[in-house]
Amino acid sequence: MNSSGLSQARTKDEFLNKAHEARLARELARCQDNSAIVIQSHVRRFITWRRLNNSLNHEQENLQASYKSGDSAAFMKSIRKILFFSRTTKDRDNIDTLFQFIHQTRSNIKTIPRTEDNDEVRIINNNDTTSEIEAPQNDPMFLLVDAASKDEETFMTCIHTLSRLVDICCRLIIDQTTKDDNPSKHPDLTSMIVYIDMINMLTHQRSSDLSSMMNDVEIAHVEHKKLDETYEKFVSELSKRTSSSRQDAFITLSDSIAKIIKGPRTDAKGSLLAAYIQMALSISINQLKHDNSSTDNQAKLLIKLFSVPALIYYLECFSCDSLATFKEKAVLESCFKVMSAHNQQLQNLSSTPALCLVANLVHLFSMTEDTPSTDLIPFVTVITKLLERCQKNMKQLKNNADSTNITQRDARKMNDATDESYNHILGWLIRDAAYTTDQETSELIKSQLSHLWSVKFLKLLFSDLIKANESQKSSTDTGRNKSSLNESPRRSSRDDSSQTKCDSPNQNASITSFKRAVERAAYNMTKSIGYPYNKTTSPSGLYYSSAKLLSEEAKRISLVCLMLHTALKTLKMIKQDILTGLCFHDYVLRNLWNYISSLSPNNGLKAFLDHLVINSKSSMPEFHILMLFCECASHIISILDDSELYEQQRPFTLDDLVNISTFLNTFVFRIINNQLVSYKAQEMDPILRCTHKLLTDLYKRDCRRTFAPQGHWLIKDLKMSLFLKDLDAGKSVAQAILNLLPHIIPHKERVLIFRKLVARDRSACYSTFITIHRSRIVEDGYQQLARLPSTALKGLIRVKFINDHGLDEAGIDQDGVFKEFLEDTIKRVFDPALNLFSTTSEQRLYPSPTSRLHEDHLSLFNFVGKMLGKAVYEGIVVDVPFATFFLARVLGQHHSKLYSPIDDLASLDPELYKNLIYIRHHDVSDLDLTFSIDQDMMGKIENFELEPGGRHIPVTNQNRVRYIHSVANFRMRTQIEEQTKAFICGFKSIVNLEWLHMFSASEFQRLISGDTAPIDLQDLRRHTKYFGGFHNNHRVICWLWDILESDFTPEEHSLFLKFVTSCSKPPLLGFENLEPPFSIRCVEVSDDQDLGDTVGSVLRGFFAIRRSDPVDRLPTSSTCFNLLKLPNYQRRSTLREKLRYAIRSSPGFELS
1 MNSSGLSQAR TKDEFLNKAH EARLARELAR CQDNSAIVIQ SHVRRFITWR
51 RLNNSLNHEQ ENLQASYKSG DSAAFMKSIR KILFFSRTTK DRDNIDTLFQ
101 FIHQTRSNIK TIPRTEDNDE VRIINNNDTT SEIEAPQNDP MFLLVDAASK
151 DEETFMTCIH TLSRLVDICC RLIIDQTTKD DNPSKHPDLT SMIVYIDMIN
201 MLTHQRSSDL SSMMNDVEIA HVEHKKLDET YEKFVSELSK RTSSSRQDAF
251 ITLSDSIAKI IKGPRTDAKG SLLAAYIQMA LSISINQLKH DNSSTDNQAK
301 LLIKLFSVPA LIYYLECFSC DSLATFKEKA VLESCFKVMS AHNQQLQNLS
351 STPALCLVAN LVHLFSMTED TPSTDLIPFV TVITKLLERC QKNMKQLKNN
401 ADSTNITQRD ARKMNDATDE SYNHILGWLI RDAAYTTDQE TSELIKSQLS
451 HLWSVKFLKL LFSDLIKANE SQKSSTDTGR NKSSLNESPR RSSRDDSSQT
501 KCDSPNQNAS ITSFKRAVER AAYNMTKSIG YPYNKTTSPS GLYYSSAKLL
551 SEEAKRISLV CLMLHTALKT LKMIKQDILT GLCFHDYVLR NLWNYISSLS
601 PNNGLKAFLD HLVINSKSSM PEFHILMLFC ECASHIISIL DDSELYEQQR
651 PFTLDDLVNI STFLNTFVFR IINNQLVSYK AQEMDPILRC THKLLTDLYK
701 RDCRRTFAPQ GHWLIKDLKM SLFLKDLDAG KSVAQAILNL LPHIIPHKER
751 VLIFRKLVAR DRSACYSTFI TIHRSRIVED GYQQLARLPS TALKGLIRVK
801 FINDHGLDEA GIDQDGVFKE FLEDTIKRVF DPALNLFSTT SEQRLYPSPT
851 SRLHEDHLSL FNFVGKMLGK AVYEGIVVDV PFATFFLARV LGQHHSKLYS
901 PIDDLASLDP ELYKNLIYIR HHDVSDLDLT FSIDQDMMGK IENFELEPGG
951 RHIPVTNQNR VRYIHSVANF RMRTQIEEQT KAFICGFKSI VNLEWLHMFS
1001 ASEFQRLISG DTAPIDLQDL RRHTKYFGGF HNNHRVICWL WDILESDFTP
1051 EEHSLFLKFV TSCSKPPLLG FENLEPPFSI RCVEVSDDQD LGDTVGSVLR
1101 GFFAIRRSDP VDRLPTSSTC FNLLKLPNYQ RRSTLREKLR YAIRSSPGFE
1151 LS
C-alpha cells in the first residue's frame, strides 16, 4: 500500500474513534442528567415528605387543640387532612397516631348510672371528675356529629371522610390477621383493639349516650333535636357504606379464630383466643341489637360467627361478658329469627360448618333460663334445617357399626388414601365439601351437642308433652268417675259396632278410595287458606281420632321429635350416645308412649292410621313422634338384660310391652296390607322402617323369653287361605307380609311354605354316587362331597358302604343309607371331642374358638355347613342343639357390638356374665379396666382389643354399657367370626337363607331338630307301616302302643323316638311327613342272621304261631330307615321290659 493509502486509513480510524468518544461523552452526560433528576426527585420527595410530616405533626397538634377547644369543624378538618396525606401501607404511624389519640380520649371517659332504671347515663372525665359540662363536648363522637350537622354538603363530606377511616381500620385488621399463616405468632392486639373501637364508635348507634351528653350541657331544645336526628342519620349512613368492609374484617377474624382453636390448648392460646373472639363480637354483636337495615348481612355474620368450632365453649372459658350479651333474650331471639328467615344461606353451608353451627346454638340455648315452649319453635326449626344440611355431604357408610370407633391416626391414613374425609361425629364426608376438625375439637363439639339430650334440656323441649299427659290423666280420671255412674250399654254397643265396621278388612275398596280422595282434596283446599280440614266434622266419624294430631300442641311436640329424630339420622358416629341420653331416665319413653296411647282408642292406633291416610307422606312432623319413640324403645329393649326387663320391668311393664307390640303388629300389618306407604326393601318408608325394627326387636325378645300370651303375634284379619293363594300368585303384598311379618303367620304354615320353596328348587336331574368306608365316614365324605357343586348336593346322593373287612355291604340305597351316612357324619363332626364345636353350660353347640388347631379347619366348617344344609333341605331331623347366638348369625340376624344379647352369654361363660352384670350396676372408676380382654388360648394368655386402640381407652361409668356389650360381642361373635362365616357359606350353598328369614332362632332349631311339642302317639300310629306279618291289630302291636301310652313317661317317649329315628323330637309337620315312614317289622332271628321277610316268617307272624318266647333278645332298630325290628314276644311284660331296656341302652350320641 502507498503512503497516500495509509494516510487515508489512519484518518478514517481517527474519525471513528473521535465519533465513538463523542457518543460515550453524550451518553455519560445523559446518565449524569438522569442521576441528577433522580437525586433531585428523592431530595424533593424527602423535603416534601418532611414538610408533609411537619404538616401532619402540625395537624396532629391542631387535632388535639381542636379537641380541647371543642371546635368540631377544625376537628373534622384535621382528620380529613391526616387521611388525605396518609396511606395505610407507608404512613401507618400517622394513621395509628390518629386512632390512638381518639381511642385514648374515649378511654378516659366512663359511664355511670344516672337513674335507677339505668336508661340514661352521664359522662365524666377520669382526669377531672369535677368537670361534668366540659367533658361531653370533648367526646370525639360528639364533635364528629356536631361537625356533620352544619349543612348537607358538610354532612356528606364528613360521611365520605369517616367511611374511608372505617375502611382503613378494616383493611388494617385484615392485614394484621393474614400477614402470617399462624395468627398466634405475631399478634398486635393493642393496635387491633384500637381499630375495633374506631369501627364500633362510628357505625353503632348509642342514642342513650348521646342524649346523656346533650342533657349535661347547655343546648337549646331545637339544637338537641337536630343533633339527635343527625346522629341517627350519621350512624345509619356509615353503617351502610362500610358494611362490606366490616364483614370482610369479621370473616377474617372468624377464620383466624378457627385456626387458633386447632391443636392443643394452652394459657397463651386461651388469652389470644379471648382477644380475637372479643374483637369479632364487637364488630357483629351491636349490629344484631340495633341494625335492622340488612338482615342478609346479619344472617351472614351470624352464620360465620357461630360456625367457628366450639365458639360458645371458648366464650364461656375466656369471655364471659361477651357470652352474657349473647344470652340476652333479645339477642338470642334475633339470632334465631334472622337465621330462620334466611334458609338459602343455611343451605349454602357444607356439613362440618353446619355441625359447628348446631353445636354452638345448642350450647348457647341450653344456658337460657325459663324459656316458654312457644319460643322453642324458632330454635327447633333452625336446628332441624341445619341437621338436614349436615346430611348433604355425608357418604353412606357400608358398615356404621364398624366405623364408630376409628382413631385419629386411622382416620388420617384413610383420608390420605381416599377422596373422602372422616368426621368423628358425622362419619365420611365428600372431600370437596369437607372442613376438617381435629379429634380434640371434635370432642368439644360432642360435649356441646350433648346438651341436646341432657335431662334439663329434655324437660324444656318436652314441656308440652308433660302438660298434655297430665291433662289427659286428669281428664281420664274424671271421665272414669262419670262413666262409673252413668254407663250406657246401648251407646257402647253402637260404638263397638262402629269400631268393628271401621276396622273390618272387607270394606268396599271403591268406597274407601273415593273417601280418601275426598278427604285429601278437602284437606289440601282448606290448608291453602290457613284453616286445616278438621276430621272431627266427618259424618262417618272415621277420622275423629286423628284430630288431636292436628292441634297446636301436637305440632310443637312433633317438631321437637322431628329435630331429635333428625339428629339420630345425622350424627351417626354418636347415635348411641344420643339414644342412651334419651333413654337414660324413663322420662322420654314413658311420656312419649303415654301421649301416643292417649291420641285415640287402641293405644293411638287409629290416630296414626287415619293420619297416614290423610297425609300419604310420612315425612310430616306428626309421624316423627312415633318414629322417635320407636328408635329409643328399640335401643333400650336391645340393651336391657332379662332382670331389668322382666323383673324390674323398666322402663315398661310387661303389660306395656304387650300393648306396644299389639299396636306395632297391627300398625305395620295395616300399612302393608292397605299399601299406605312403600314397603320395598330399597325404598322402604321411614315410618315403616322404624316401627318394623321395634316390632322385630320385641318379637326376638319374646322368642328368647316370653312376655306375651299365646297367639299374641297372630293377626286374626289375615285369612290364611287367601294369603297362601296370593303368595302362590306372586302378589307383592303377600310377599311383603311374608318377608316383614312372618310371625303373624302360624308356624305350621311357614314350614309348609318352606317345604314348597325347597320342592321348587330341588334338582331332581342330578344323581351322585359315593363310596364310604365305615372307619372313615367323615374323611371319605369330605373328600367326595366338599368339592361338588351345590346343584349336585341338592340332588340325589347314593351311598355305598364298605365294611371293616374291605367288602361292599349288601343293600340298595333307597334314601335310607344316605340318611344313615348323614346322621353318622353329623354325629361325629359335632362331637365336642373333635374340637370343631364346643358346648355351652346348657350343652348347646357353637364353633370352637380353638378350632384353628385343625389343618384347613375353615374348609371343614364349610363342609359341616353343607351337611347340615342338606339335612334341612331334605327334611331330615337331627338331634343337634345349637346355641341361640350362633343360630341368629346363621339366619343373618346381625347384632352390632352395642346390641349383643348379653343374656345369651350366661350359658357360654357364667363367670364372665356375672362380672359384667356387676360392672353394669356398680361404680367402675376403681377397676382400672380398658376396652380389651384377656383370653386363655391353649394355655397362653392373649390380649384382644374390643375396638381400635382399646388398650388405651379406659372404661368409665359413661361408657360401661358399651364395654359390656363389646365384651359379649367379642365372645359370641368376633372370636368365632371366621368359623361362622365358613359354616354359613357352606350352609347357604344348599339352603337359600332368604327362605329362613321367616323363622326365629328357636324356630330354626325346631326346623333342624324337630318339634318341641309332646309326641303325638296317635299320629305316629296312624302313619306306621308294618312288615313281617305284623298289622295294626296284631297282639304285639296292640301291646306296644298300650305300653307307650300307659306305662312310658314323656321322657321315655322321646327315648323311644330317638331309638327308632335317631332324633328325640317329632317332625314339625307331624309323622305324616317323616321320611322314610316309621315301620315295624316282626323278626325271629338276630340282626346278623336276618335276611328280611320270608313267606314262612310272614305267615307265622300274621297268625301268631307260637314259638318259644324270645326272652333273650332285644328290640333293635335301623334309624336310616326309621325301622323298629320287634321280636314276637309272648308276654306283654316281656315286651315292656325289653323295650325299656333297649331304648335306654341306645348307643346314639347324647348331646341334649
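In UniProt numbering, the protein residues as written are 1 to 1152. Backbone N, C-alpha and C define an ideal beta-carbon position, used for all residues, glycine too. Fair warning: this is a prediction, and the values are worked out from it, not measured in the lab.
Tell me whether residue i is buried or exposed, calling it buried when 16 or more other Cβ atoms sit within 10 Å of its Cβ.
i       : result
PHE84   : exposed
ASN1128 : buried
PHE46   : exposed
LYS866  : buried
HIS699  : The question names His, but residue 699 is Tyr in the sequence shown. TYR699 comes out buried.
LEU28   : exposed
SER293  : Low confidence applies to SER293: its pLDDT is 49, below 50, so where it sits in the model is not reliable enough to give any reading.
GLY939  : exposed
ARG1136 : buried
ALA883  : buried
VAL455  : exposed
LEU16   : exposed
VAL588  : buried
SER775  : exposed
TYR963  : buried
SER7    : exposed
Would you say residue i and residue j are within 9 Å of each other, going by their C-beta atoms?
i            : j       : result
GLU1044      : HIS1053 : The residue asked about is misnamed: residue 1044 is Leu in this sequence, not Glu. The answer is yes: Cβ separation under 9 Å.
ILE802       : THR768  : no
PHE623       : SER558  : yes
THR980       : VAL890  : yes
VAL955       : LEU912  : no
ILE902       : LEU916  : yes
GLY781       : THR825  : yes
residue 1162 : PHE1059 : For residue 1162 there is no data in the structure shown, the boundaries of the chain being 1 and 1152.
MET620       : HIS565  : no
PHE1004      : PHE970  : no
ASP642       : ARG705  : yes
GLU237       : ILE168  : no
HIS1023      : PHE1071 : yes
LEU727       : LEU738  : yes
Assuming residue i and residue j make a contact with CB atoms under 8 Å, what is their CB distance in whole Å?
i       : j       : result
THR437  : THR352  : 6 Å
ILE671  : LEU612  : 7 Å
THR1119 : SER1062 : 4 Å
ALA708  : VAL668  : The Cβ separation is near 16 Å, so there is no contact.
LEU386  : LEU364  : Going by Cβ atoms, the distance from LEU386 to LEU364 rounds to 13 Å, so no, they are not a contact pair.
PHE234  : ALA148  : 5 Å
What residue does the alpha helix (DSSP H) around residue i start on, and which one ends it?
i       : result
LEU905  : 905-908
LEU1041 : Strictly speaking, residue 1041 in this sequence is Trp, with Leu absent from that position. Counting along the chain, the alpha helix (DSSP H) containing TRP1041 begins and ends at 1035-1046.
TRP593  : 587-598
ILE1015 : ILE1015 -> no alpha helix (DSSP H), and no H or E assigned at all.
PHE885  : 884-890
TYR963  : 960-972
LYS1138 : 1132-1144
For the beta strand (DSSP E) containing residue i, list its first residue and its last residue.
i      : result
ASP780 : Careful: ASP780 lies outside any beta strand (DSSP E), inside the alpha helix (DSSP H) at 777-785.
MET937 : 932-937
GLU945 : 940-945
PHE667 : It is not in any beta strand (DSSP E) - PHE667 instead sits in the alpha helix (DSSP H) that spans 654-673.
Output yes if chain B places a C-beta closer than 9 Å to the C-beta of residue i; else output no.
i      : result
THR105 : This model lacks chain B altogether; it includes just one protein chain.
Whole alpha helix (DSSP H) elements within the stretch 421-452, 4-residue minimum: The DSSP assignment places 439-449 as complete runs of the alpha helix (DSSP H) inside the stretch 421-452, in order along the chain (cut-off: 4 residues).
Residue ranges of each beta strand (DSSP E) within the stretch 821-858, 3 or longer: 837-839, 845-847, all fully within the stretch 821-858.
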